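Inspection log for the structure reproduced underneath, given as structure tokens.
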Amino acid sequence: AEIPFSEVSSEKHKALNLRAAEESLVLLENKNGFLPLKDTYGKKIAVIGPNAMSTLVLEGNYNGHADEYITVADGIRRLFQTSRITVADGSPVYQDNGSRWDGFCNLDSEGAAAAQDADVAILCLGLDRTVEGEDLGYSNDFTDGGDRKTLYLPECQRILAQKVCDVCENVIVVVMCGSCADLGERVRNHAKAVIHAWYPGAYGGLAIARLIAGAFSPSGKLPITFYPADAELPDMTDYSMTGRTYRYLKTEPLYPFGYGLSYTTFEYQNTRIRSVGPDSVVCSVTIRNTSDFDGSEKIQCYARFSDSRTVTPNLQLCAVKPVFLKSGETKTVELTIDRFWLCAVLEDGTRTAPDAPITLYIGGQQPDDSSQGIILSF
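Take the sequence shown: its letters are residues 108 to 485, numbered as in my numbering.
Printed below as a string of structure tokens:
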């Protein structure tokens, strides 16, 4: 009650809304540096899909109402004013099997026609709270009360995506949903770029357009593991961690936890341990922006260890720190790791120091076989 109404949708909060949306976007694919999109003067850009003009998808779930919404189509119009912009739904978010072909061919033809006439197609797919949420109160072939039955998108959207890819060479896919989505190999291989935009808020469409235009360098990283749709995952009612998340996954993910591309490139050097205390470990790393883009990096530190008394994770994220670097700039950054994250968990829930050395890895994503780690012994 002490907050004045003038604070609602104030300019500083709208600016924060846009910044939060921009930082949340994850660039999953960018073949041959197709993005950012340049030299679009006079070009035809088609914005296609059920989420192209949707405000519902911007809100997500558990939301209030903003006094202004900027959809993806709105954002593209603002950022690409010298281009010819066309917009088409192309398909609904979801259409059940019983009514799949009822009026769908016309919608599908509209989306394909817009793509065929375009130099670039921006395909806005995904879900919204009508099919993804908590206790929706109904089920169908895609959702069980809000819990998804498949990691693929609804069939009507998959058909649209394939048809757009058939008629347009330059396709950018924007997926807006609150979870993993497998586009399928055909669409994923054809798309020049893939952006996972979640439910990005009232200014989400502007944030997406600004990423596509290169107004900022994307820095979002996946906070979940993206599994292939055909992966054999444990049943939702099985609370064992076996085969789940980056920590216990036994197969290749579609995209790993912590993954996200950027227009900026970074070089890591001089990784070292500064101090080891009873409560924390302090590490440092020198990072340099080696590109022409200013940009943020989410520095991630992972621990790998084993223990003869229990099952231990493949990896354990133990510290994250964002850093902004201008083109050519170098900074030395310290990361403080709470010893909580460097413990083995025994069968009775007790956390204890592992009985083998710990290896720490610092970089912009999960370590691979070529990563150089620091061995830490307690």
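Yeah, the Cβ is synthetic: ideal placement off N, Cα and C, and Gly gets one too.
Given the structure is predicted, the values throughout are model-derived calculations rather than measurements.
DSSP places Ser-369 outside both helix and strand once states are collapsed to three, so it counts as coil. Assignment of Thr-349 by DSSP, reduced to helix, strand and coil, places it in the coil class. By a beta-carbon distance limit of 8 Å, Ser-369 does not contact Ser-415. Their separation comes to about 40 Å. Within the model, the alpha-carbon separation for Ala-309 versus Asn-168 is close to 13 Å. Looking at the backbone, the Cα of Thr-419 and that of Glu-454 are separated by about 11 Å. For Ala-127, the enclosing alpha helix (DSSP H) stretches over residues 118-131. The beta-carbon separation of Gly-312 and Gly-182, rounded to 4 Å, stays under the 8 Å limit for a contact. In the three-state DSSP reduction, Lys-151 falls in the strand class (E or B). Taken through DSSP and simplified to helix, strand or coil, Ala-460 comes out as coil. Taking a cut-off of 8 Å for Cβ pairs, the stretch 434-445 and the stretch 393-401 touch, as three or more such pairs fall below it. Here Asp-235 is near Val-200, since their CB atoms are less than 8 Å apart. Shown here, Ile-110 sits in coil according to DSSP, grouped into three states, outside any helix or strand. Counting only runs of 4+ residues, the alpha helix (DSSP H) found wholly inside the stretch 285-354 occupies 292-297 and 311-320, in chain order.
A residue is called buried when at least 16 other Cβ atoms come within 10 angstroms of its Cβ; Gly-149 does not meet this threshold and is exposed. Inter-residue distance for Gly-240 and Trp-305 is about 13 Å (C-alpha atoms, whole angstroms). Assigned with DSSP and collapsed to three states, Gln-223 falls in helix. Leu-318 is the residue among Leu-318, Arg-293 and Ala-463 whose C-alpha sits nearest the C-alpha of His-303. Taking all protein chains in view, the Cβ of Lys-328 is crowded by 16 or more other Cβ atoms within 10 Å, so the residue is classified as buried. Exclusion of the five residues before and after Lys-299 leaves Lys-138, Phe-141, Asn-277, Val-278 and Ile-279 as the residues of its chain whose Cβ lies within less than 7 Å of its Cβ.
The residue among Pro-111, Phe-431, Trp-448 and Gly-197 with its C-alpha nearest the C-alpha of Thr-397 is Phe-431. Pro-307 and Ala-410 have their alpha carbons spaced roughly 31 Å apart. Inter-residue distance for Arg-351 and Pro-330 is about 14 Å (C-alpha atoms, whole angstroms). No residue range can be given for Leu-422, since it is assigned to no alpha helix (DSSP H) and is classified by DSSP as neither H nor E. The C-beta of Met-343 has fewer than 16 other C-beta atoms within 10 Å across all chains shown, which makes the residue exposed.
For Ala-159, no pairing in a beta bridge is given by DSSP.
Nearest neighbour of Pro-335 by Cα position, chosen from Arg-295, Glu-374 and Arg-354, turns out to be Arg-295. Pairing Val-452 with Arg-458 gives a Cβ-Cβ distance under 8 Å. Taking C-beta atoms under 8 Å as the contact rule, Ile-469 and Ile-380 fail to qualify, at a distance of about 10 Å.
Cβ-Cβ separation between Phe-323 and Glu-129: approximately 6 Å, consistent with a contact (criterion under 8 Å). Rounded to the nearest angstrom, the gap between the Cα atoms of Gln-472 and Gly-365 is 5 Å. Gly-218 sits close to Gly-197, with the two beta carbons spaced by under 8 Å. Taking all protein chains in view, the Cβ of Thr-189 is surrounded by fewer than 16 other Cβ atoms within 10 Å, so the residue is classified as exposed.
Around the CB of Ile-110, fewer than 16 other CB atoms lie within 10 Å, so the residue is classed as exposed. Nearest to Glu-262 by alpha-carbon distance, out of Gly-285, Asp-289, Asp-251 and Leu-123, is Asp-289. Contact between Ala-228 and Cys-275 holds: their C-beta atoms lie close to 4 Å from each other, under 8 Å. Take the alpha-carbon of Cys-272 and the one of His-297: they are about 7 Å apart.
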